[in-house]
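Chemist: As given, the protein sequences belong to chains H and P, one line each in that order. Just so you know, we're using the numbering used here here: the first sequence kicks off at 1 and counts up by one. Just so you know, we're using the numbering used here here: the second sequence kicks off at 140 and counts up by one. Just so you know, even glycine gets a beta-carbon here, dropped at the ideal spot from N, CA and C. On a predicted model such as this, the values are computed, not experimentally measured, just so you know. Take a look at this one; I'll ask things after.
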Amino acid sequence: MSDPLIAASKAASNGLFAQSTRMRVLSENIANAESTGKTAGSDPYQRKTVSFQAVSDEAEGVDLVTVDDITRDQAPFRTEYMPGHPAADAKGYVKLPNVDMLTELADMREASRSYTANTQVIKQVREIVSMTIDLLRPS
Amino acid sequence: MQPMQLFDLAFRQNEWLAQRQSVISSNIANANTPGYKAKDIESFDDVMRSSVSMASTDDQHFAPAETGAVRNQDNGSGEADVLVSGNDVNIEQEFLKSSEVMRSYTLNSQLMKTFDRMLQSVTKA
């Protein structure tokens with residue numbers, strides 16, 4: 001087993017990567033909250049969701065986190081009556097993305113909280129390492 | 140107590156603390172992973188009890204088999220709420236543990252420094 005402190009910062013940086021991927025997907029959702037199709041009756045942008053998975057790193061002896069899969073949300077689309085829209089169907093209804101702003105923002109809040117937690121861990125590990133190095137410094 | 144033994148003990152605890160810190164960071168990294176259960180390691184008392192070897196005064200004495208490896212174990216149930224996703228990591232609790240690690244590590248390092256200075260003041264004279 002290698003140094004546990006290095007393993008700790010590895011786990012934390014993996015956490016940072018996972019949370020930033022989540023943030024990226026969330027911003028895609030928010031940016032595309034009004035993206036409709038082009039042709040009559042076509043499907044609009046479908047909301048993406050991220051799922052995480054714990055992966056055990058045998059060499060380091062820690063549980064790392066990885067992005068397991070980015071999938072499409074199968075929830076039904078919103079519809080709105082806009083007869084003049086290019087994506088309107090025969091009855092004049094346009095399908096809008098199944099993105100809910102409130103859900104996205106709450107998710108974003110959680111992602112940023114987890115990101116901060118991971119940076120805090122890295123800070124603390126660095127402080128511990130420098131404390132050990134300080135033992136060698138002649139006083 | 141001999142100062143050398145104290146250095147050994149302090150280093151041993153620092154090793155244990157580093158191991159604990161890595162388990163804590165695993166927990167925090169997996170704070171949003173469905174089905175992940177928070178982990179902790181054996182308490183230092185248990186590790187010491189199993190790892191401090193008995194003195195062998197004869198060649199025919201057995202060496203203890205267990206080397207006192209640090210094992211991961213699940214957090215006791217009921218310490219934190221289990222979310223719908225099956226995840227029971229409590230970030231506040233992890234930070235509490237982390238600051239505990241920090242405090243002990245600082246104490247150990249300072250103690251070692253002090254003893255190092257005492258030794259030096261004798262050897263340099």
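1. Cβ atoms of Ala54(H) and Ser2(H): under 8 Å apart, would you say?
2. Is the Cβ-Cβ distance between Pro44(H) and Pro86(H) less than 8 Å?
3. With a threshold of 8 Å on Cβ separation, who are the neighbours of Asn169(P) within its own chain once the five nearest residues in sequence on each side are excluded?
4. Roughly how many angstroms separate the alpha carbons of Ser20(H) and Arg47(H), rounded to a whole number?
5. Whole angstroms are fine: how far does the CA of Phe146(P) sit from the CA of Ser56(H)?
6. So who's on the other strand from Thr71(H), going by DSSP bridges?
7. For Lys263(P), which of helix, strand or coil comes out of DSSP?
8. Taking three-plus beta-carbon pairs below 8 Å as touching, is the segment 7–14 of chain H in contact with the segment 147–161 of chain P?
9. According to the neighbour-count rule (16 or more other Cβ atoms, all chains shown, within 10 Å of its Cβ), is Glu231(P) buried or exposed?
10. Going along chain P, which residues have a C-beta under 8 Å from Leu5(H)?
11. Helix, strand or coil for Asp134(H) per DSSP?
12. Between Asp73(H), Lys95(H), Asp69(H), which has its C-alpha nearest Tyr81(H)'s C-alpha?
13. What's the C-alpha gap between Thr262(P) and Lys252(P)?
Modeler: Quick answer:
1. No, the Cβ-Cβ distance between Ser2(H) and Ala54(H) is not below 8 Å.
2. For Pro44(H) and Pro86(H), no; Cβs fall outside 8 Å.
3. Same-chain partners within the cutoff: Tyr175, Asn226, Val228.
4. Answer to the nearest angstrom: the Cα atoms are 17 Å apart.
5. Per the coordinates, the alpha-carbon of Ser56(H) lies some 33 Å from the alpha-carbon of Phe146(P).
6. DSSP lists Thr49(H) as partners of Thr71(H).
7. It is helical.
8. They touch, by the three-pair rule.
9. Glu231(P) should be labelled exposed.
10. The contacting residues are Ala157, Gln160, Ser161.
11. The answer is helix: DSSP assigns Asp134(H) an H, G or I state.
12. When only C-alpha atoms are compared, the closest one is Lys95(H).
13. Cα to Cα, the separation comes out at about 15 Å.
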